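> Numbering (numbering that gives the first Met the number 0), first residue to last: 0 to 186. Glycine included, every Cβ here is placed at the ideal spot set by N, Cα and C. This one's a predicted model, so the numbers in the text were calculated from it and none came from an experiment.
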Amino acid sequence: MASHNLKPLSALGRETLAVETIGPVSTAEDADTALASLAIRRGREAEVMERAAQAGLPLPEPGRAESQGDWGAFWVSPGMWMVEAPFATHEDIVAHLKPLFGESASITEQTDAWARFEVAGPLQPLFERLCNLDLERFGPGSATRTMMEHLGVYAIRRAPDRMTLLGGRSSAYSLHHALVTAARSVF
Numbered sequence: 000m001a002s003h004n005l006k007p008l009s010a011l012g013r014e015t016l017a018v019e020t021i022g023p024v025s026t027a028e029d030a031d032t033a034l035a036s037l038a039i040r041r042g043r044e045a046e047v048m049e050r051a052a053q054a055g056l057p058l059p060e061p062g063r064a065e066s067q068g069d070w071g072a073f074w075v076s077p078g079m080w081m082v083e084a085p086f087a088t089h090e091d092i093v094a095h096l097k098p099l100f101g102e103s104a105s106i107t108e109q110t111d112a113w114a115r116f117e118v119a120g121p122l123q124p125l126f127e128r129l130c131n132l133d134l135e136r137f138g139p140g141s142a143t144r145t146m147m148e149h150l151g152v153y154a155i156r157r158a159p160d161r162m163t164l165l166g167g168r169s170s171a172y173s174l175h176h177a178l179v180t181a182a183r184s185v186f
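1. For LEU125 and VAL185, what's the separation of their Cα atoms in angstroms?
2. For the beta strand (DSSP E) containing GLU14, list its first residue and its last residue.
3. Within 8 Å, do at least three Cβ pairs link the segment 175-184 to the segment 12-22?
4. Going along the chain, which residues of its own chain have a beta-carbon closer than 7 Å to the beta-carbon of SER105, five neighbours each way excluded?
5. Do LEU122 and ALA154 count as a contact pair if the criterion is CB distance below 8 Å?
6. Under a Cβ-count criterion, where at least 16 other Cβ atoms within 10 Å of its own Cβ denotes burial, should GLY55 be classed as buried or exposed?
7. Check ARG128 in the structure and name its three-state DSSP category.
8. Between the Cα of PRO98 and the Cα atoms of ARG50, GLU28, SER76, which residue gives the shortest distance?
9. If I'm right that MET81 touches PHE73 with Cβ under 8 Å, what's the distance once you round it to whole angstroms?
10. For a test of the three-state rule: what should DSSP assign to ALA1, helix, strand or coil?
11. Quickly, what does DSSP pair GLY62 with across the bridge? List them, please.
12. Pull up the CB-CB distance for VAL152 and LEU164, whole angstroms please, since I reckon it's below 8 Å.
13. Do GLU127 and ARG161 have their C-beta atoms closer together than 8 Å?
14. Quick one: what's got a C-beta closer than 8 Å to SER187's C-beta in the same chain, skipping five residues either side?
15. According to DSSP, is ARG40 helix, strand or coil?
16. Which of the three DSSP states is assigned to GLY138 in this structure?
17. So the alpha helix (DSSP H) SER184 belongs to, where does it begin and stop?
18. Relative to the C-alpha of SER36, which residue among ALA17, PRO77, SER2 is closest?
19. Among the residues of its own chain, which have a CB less than 6 Å from the CB of SER9, if the five just before and after it don't count?
20. Less than 8 Å between the CB atoms is what I'm expecting for LEU150 and SER169, so what's the real figure, rounded?
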């Protein structure tokens, strides 16, 4: 019988997470966040909102992201959110969420479907080259889906100088390349 020596790899195919610093901007690959989609089942809106409140899980309004304790969430579409939690304590995030919502919501594991990058530093000059987000209006706590290069990306503004980007894991290299190339062209 053959034995296997499997090692976990990041979305960029590395054993260690990629961190790039170009001038005042830092781009860091993040594998420390568990992610699941949560969709309200038909006719169960009030129940889901009540259960979320009882669990301390924020379900923000359209275009917003919120965090409370270990839980975070950002709005994706009517009646649907992406829920975030620390990977170290919520590796099987669905097992944590399912008892909270029972049959009132459909919950799907999303962690390995997305490549996640944390961008820190002066965002305006970088994002002017990457996408059509108006950072004057897209303040901290904002979340949206946008296009960067040819990629659909979720953008979450965490602070005036910090943005989280989630792109499909299958296009992690392309998103990383776009971030690094834009940073090099600015700084």
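If we stick to the structure as given:
1. Rounded to the nearest whole angstrom, the CA to CA distance from LEU125 to VAL185 is 7 Å.
2. Looking at the DSSP string, GLU14 is not in any beta strand (DSSP E), and its letter there is neither H nor E.
3. Between the segment 12-22 and the segment 175-184 there are three or more inter-stretch CB-CB distances shorter than 8 Å, so the stretches are counted as touching.
4. Sequence-distant partners of SER105 (beyond 5 residues in either direction) whose C-beta falls short of 7 Å from its own C-beta, in its chain, are ALA38, ARG40.
5. Cβ distance not < 8 Å, so ALA154 and LEU122 don't count as in contact.
6. Result: exposed.
7. Under the three-state reduction of DSSP output, ARG128 falls in the helix class.
8. Residue ARG50 holds the alpha-carbon nearest to the alpha-carbon of PRO98 among ARG50, GLU28, SER76.
9. Correct: roughly 5 Å between the Cβ atoms.
10. Coil at ALA1, not helix or strand.
11. For GLY62, which the question treats as bridged, DSSP gives no partner whatsoever.
12. Contact holds; Cβ gap of about 5 Å.
13. In this structure, GLU127 lies away from ARG161, with their beta-carbon atoms at least 8 Å apart.
14. Residue 187 is absent from the model: the chain starts at 0 and stops at 186.
15. The DSSP-derived three-state label of ARG40 is coil.
16. The answer is coil: DSSP assigns GLY138 none of H, G, I, E or B.
17. SER184: member of the alpha helix (DSSP H) spanning 171-185, first to last residue.
18. If we check each option's Cα against that of SER36, PRO77 comes out closest.
19. LEU16, GLU28, ALA30, listed in sequence order.
20. Contact flag wrong, Cβ pair sits at about 10 Å.
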